[in-house]
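Data block below; observations after.
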Amino acid sequence: MEELVEELKKEIIDVLNLEEVTPDDIDPAAPLFGEGLGLDSIDALELIVLLEKKYGIRLATPSDGKAIFKSVNTIAEYVQKNRKK
Amino acid sequence: MRTVITGVGIVSAIGNDSSEVLASLRNGESGIGTMRYLKSEHRELPVGEVKMSDDEMKVLLGVPRERLVSRTSLMGALAVRQAMKDAGITADEGLRIALINGTTVGGMDITERYFSELKHDDTLLPILRKHDCGSSTKDIADLCGLSGETCTVSTACSSALNAVILGAEMLRSGEADIVIAGGSEALTKFHLNGFNTLMILDKERCRPFDESRAGLNLGEGAAFVVLAREGETQGRKRAYVSGYANTCDAFHQTASSEDGEGAYLAMSRALEMSGLNGEDIHYINAHGTGTPNNDSSESMAIKRVFGEQLPPVSSTKSYTGHTTSASGAIELVISMLAMENGFIPSNLGWQHAMPDGILPSVGAVSRQIDNVMCNSFGFGGNDSSMIISRYALRDIPATDSGVETETVSESVISGLEQLQDSKDIISPRESRRMGKLLKAATLTSCRALAEAGVDSPDAIITATGLGMIENSELFLEDMCENGESLLKPTLFMQSTHNTIGSSVAIRLGCHGYNVTYSHGADSWAWALRDARRLIQSGCAESVLVGCHDESTQQIDEFCARMECKKRPDVFSRSVVIKRKR
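Residue numbers (the numbering used here), protein chains in the order written: chain L, 1 to 85; chain B, 1001 to 1581.
So, in structure tokens, the structure goes:
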């Protein structure tokens, strides 16, 4: 799980082009949207693409992402359970 | 002076001329269905296609089949020819006839078809000359024998209505005797996939203002109106253009604000210009795309303007699909047909009221309709609204050509190295989504405004030849090489030409007039003319005008193979123009 959390941090920094953010700056339990990294709805769409590309998980609507994208930890838990690759 | 509409032309999913469109609207027949002409993998997505192949349109226009013409230009030429015929004008009347087209896609249908082969086949290179918006407008002019001025407005989905606004303003200032204005946009895989990455396309037929709405369906088409000054035209007056406004939501590149500020301002200012009250509007043709966000934001804005007593409102996008850059003109023509024939088009497919939403009209006949409001909103919050009327309303004062303007500040970036010291203006958080062009445009805009001592200008005008070409190319490359899935939403969201001007507006919180010209090398001249016109008509005191373009490695390579001059990696010039004291 820890490995997956670290992998996700790197992927998120990469796909969202978070300049000047390192994996260590991201608290895996902290909220990603609004506060914390301050991500927005377009970032959520990028994360949906990331889930499908990297883990073969397909979300039907952006609203499905709300609960999943709360924090890096919640994404990791969801990926662990649902990954197809 | 008053502007009148003397003729119209329309090509859309519900008909190839205005009588067919009228019949479909009256019979409640939608033109949205399974994809037939667009060659996309996403056949699950319903679309509103014009029911003609490119070749069939070429036959109608008398264009040889082998001549390379974009679908945007073909549809545009059909609509312009209809409009000229309807108005009873010909190209050689000794009058100054200007053609103003609104488009964003331009020749993308051709580019995406050949993009992969272009990299190694020199014989295909000439098609690149058809890519930019300006060239598609010039092709429409050629196909209609029009040799006067041409211009292209590109504010994404509000392009066509802004083209009509420009036309009306050119008549007001005396720059033209007749203006043929509207928009044309073909469906392409590029923007179908782009909208798909934003997850706002419904797999069923769209249901604007319905609680169950789940997105829009893309459509295509073209519509043009012939505009003239009242009293100077022999033809019939089909409608008066009595009010209009262009504003900016200044909120987000692809989402509308919750309270619909931009839409509210556009509708209120259009009403103010016309001198009408809310109760004088007998029908509103809403932008109503069918996305959860647009329809709730637009509902809020309509309620803010009209209070409890709403006029009948409907969206006609469940007939035509969302025809993006052409939608403003297509829906303006539909608004006029509704007014002339005394009926309210039904908001097809609507069943369930949305919480806090407007209740759209399910259609009505035998109505006296004197004034119609037509809304057209675009990415970047480029929101416009127009009112057309059956009877003459107040006289609109002509532009005062005696008012002089001056450029009070200027900032230029002409190379990548000048983007180094940007940190004082652009934070890392903003920078992560900005390519070189957006960075350069932001820097020169902020510097020019600071030098002029202007916090927020009254208007922002952008000129660009190719627009956000780096993002467009990356998206296109990914789509052509890796197929139509897993594409990046951020690239598409920032691929429209108006991304630049709206991103400056968002940063400044500037809700004023906001427009983008994409008409090749003439874009800058058109932008400057607009700034002068705004100041001379008293609509603005200070205007930020920018000229922004970029190149990419791929474009440099194409240019080298075509033996054209290399384009600068990045170029941005911003000036602040004020009324001369």
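Cβ atoms here follow ideal geometry from the backbone N, Cα and C, with glycine treated the same way.
Tell whether a beta-carbon distance below 8 Å holds between residue i and residue j.
i                 : j                 : result
Val1515 (chain B) : Thr1442 (chain B) : no
Phe1224 (chain B) : Ala1181 (chain B) : yes
Arg1205 (chain B) : Ser1361 (chain B) : no
Asp1458 (chain B) : Ala1540 (chain B) : yes
Phe1343 (chain B) : Val1365 (chain B) : yes
Leu1198 (chain B) : Leu1216 (chain B) : no
Leu1161 (chain B) : Ala1091 (chain B) : no
Ala30 (chain L)   : Phe69 (chain L)   : no
Ala1239 (chain B) : Ile1005 (chain B) : yes
Ala1077 (chain B) : Leu1061 (chain B) : yes
Thr1656 (chain B) : Arg1129 (chain B) : With chain B represented from 1001 up to 1581, any question about residue 1656 (chain B) goes unanswered, as that position is not in the structure.
Leu39 (chain L)   : Leu50 (chain L)   : no
Val1050 (chain B) : Gly1221 (chain B) : yes
Val1575 (chain B) : Ile1413 (chain B) : no
Ser1335 (chain B) : Val1305 (chain B) : no
Glu52 (chain L)   : Leu1486 (chain B) : yes
Glu1185 (chain B) : Ser1325 (chain B) : yes
Gly1378 (chain B) : Ser1158 (chain B) : yes
Ser1384 (chain B) : Ala1245 (chain B) : yes
Cys1248 (chain B) : Cys1510 (chain B) : yes
Tyr1037 (chain B) : Ser1012 (chain B) : no
Lys1189 (chain B) : Leu1045 (chain B) : no
Thr1137 (chain B) : His1519 (chain B) : yes
Gly65 (chain L)   : Ile48 (chain L)   : yes
Asp1121 (chain B) : Leu1466 (chain B) : no
Leu1022 (chain B) : Asn1341 (chain B) : yes
Gly1290 (chain B) : Val1047 (chain B) : no
Since residue i and residue j are thought to touch, with beta carbons under 8 Å apart, how far apart are those beta carbons, to the nearest angstrom?
i                 : j                 : result
Ile1426 (chain B) : Ser1242 (chain B) : Incorrect: roughly 42 Å between the Cβ atoms, too far for contact.
Thr1579 (chain B) : Val1454 (chain B) : Correcting the residue type first, residue 1579 (chain B) is Arg in the shown sequence and not Thr. About 13 Å separates the two Cβ atoms, so there is no contact after all.
Thr1405 (chain B) : Ile1535 (chain B) : 5 Å
Ser1315 (chain B) : Met1354 (chain B) : That pair is no contact at about 13 Å.
Gly1328 (chain B) : Gly1102 (chain B) : 7 Å
Arg1561 (chain B) : Leu1125 (chain B) : 6 Å
Lys4 (chain L)    : Gln80 (chain L)   : A small fix is needed here, since residue 4 (chain L) is Leu in this sequence, not Lys. Indeed they touch by this definition, with Cβ atoms about 6 Å apart.
Gly1262 (chain B) : Gly1381 (chain B) : 5 Å
Ile1178 (chain B) : Ile1089 (chain B) : 6 Å
Leu1187 (chain B) : Val1063 (chain B) : Rounded, the Cβ-Cβ distance is 20 Å, inconsistent with contact.
Ser1299 (chain B) : Ile1396 (chain B) : Wrong, their Cβ atoms sit about 30 Å apart, outside the cutoff.
Asn1196 (chain B) : Met1479 (chain B) : Contact flag wrong, Cβ pair sits at about 11 Å.
Val1080 (chain B) : Leu1099 (chain B) : 7 Å
Asn1209 (chain B) : Asn1347 (chain B) : At residue 1209 (chain B) the sequence reads Phe, which differs from the Asn that was named. Contact flag correct, Cβ pair sits at about 6 Å.
Ser1040 (chain B) : Thr1104 (chain B) : Wrong, their Cβ atoms sit about 18 Å apart, outside the cutoff.
Which residues share a DSSP beta bridge with residue i?
i                 : result
Val1059 (chain B) : Paired residues: none, contrary to the question.
Leu1216 (chain B) : B:Leu1201
His1322 (chain B) : B:Leu1218
Arg1573 (chain B) : B:Val1412 and B:Cys1547
Val1512 (chain B) : Val is not the amino acid found at residue 1512 (chain B); the sequence shown has Gly there. DSSP, once it has assigned bridges, lists no residue as partnering Gly1512 (chain B).
Ala1223 (chain B) : B:Ile1010 and B:Gly1183
Ile1097 (chain B) : B:Ile1178
Cys1248 (chain B) : B:Asn1382
Glu1406 (chain B) : B:Lys1578
Gly1048 (chain B) : B:Gly1219
Ser1542 (chain B) : B:Lys1578
Asp1210 (chain B) : B:Ala1353
Met1373 (chain B) : B:Ile1284 and B:Ile1387
Cys1151 (chain B) : B:Ile1100
Gly1015 (chain B) : B:Ser1012
Excluding the 5 residues preceding and the 5 following residue i in the sequence, name in chain order all residues of the same chain whose CB lies nearer than 7 Å to its CB.
i                 : result
Pro1292 (chain B) : Arg1213
Ala1338 (chain B) : Tyr1283, Ile1344, Pro1345, Ile1369 and Val1372
Gly1275 (chain B) : Leu1393 and Arg1394
Ser1257 (chain B) : Asp1249, Phe1251 and Ser1297
Pro1311 (chain B) : Ile1281, His1282, Tyr1283 and Ile1284
Take residue i and list the residues in its own chain whose beta-carbon comes closer than 6 Å to its own, dropping the five residues that flank it on each side.
i                 : result
Cys1547 (chain B) : Ala1463, Trp1524 and Arg1573
Lys1237 (chain B) : Val1004
Ser1537 (chain B) : Thr1399
Met1468 (chain B) : Gln1494, Ser1495 and Thr1499
Ser1411 (chain B) : Thr1444, Arg1447, Ala1448 and Ser1574
If you measure from the beta carbon of residue i to each beta carbon in chain C, is any gap under 8 Å?
i               : result
Leu47 (chain L) : Of the protein chains in this structure, namely L and B, none is chain C.
Beta-carbon within less than 8 Å of residue i's beta-carbon, same chain only, minus the 5 sequence neighbours each way: which residues are those?
i                 : result
Trp1526 (chain B) : Cys1151, Ala1463, Tyr1517 and His1519
Scan the region 1480-1513 of chain B and note each continuous alpha helix (DSSP H) run of 4 residues or more that stays entirely inside, going in chain order. 1489-1493 and 1499-1508
Runs of alpha helix (DSSP H) lying entirely within the region 1231-1283 of chain B, each at least 4 residues, in chain order: 1261-1274
Taking only runs of the beta strand (DSSP E) that begin and end inside the region 1436-1488 of chain B, which ones reach a length of at least 3 residues, in chain order? 1459-1463
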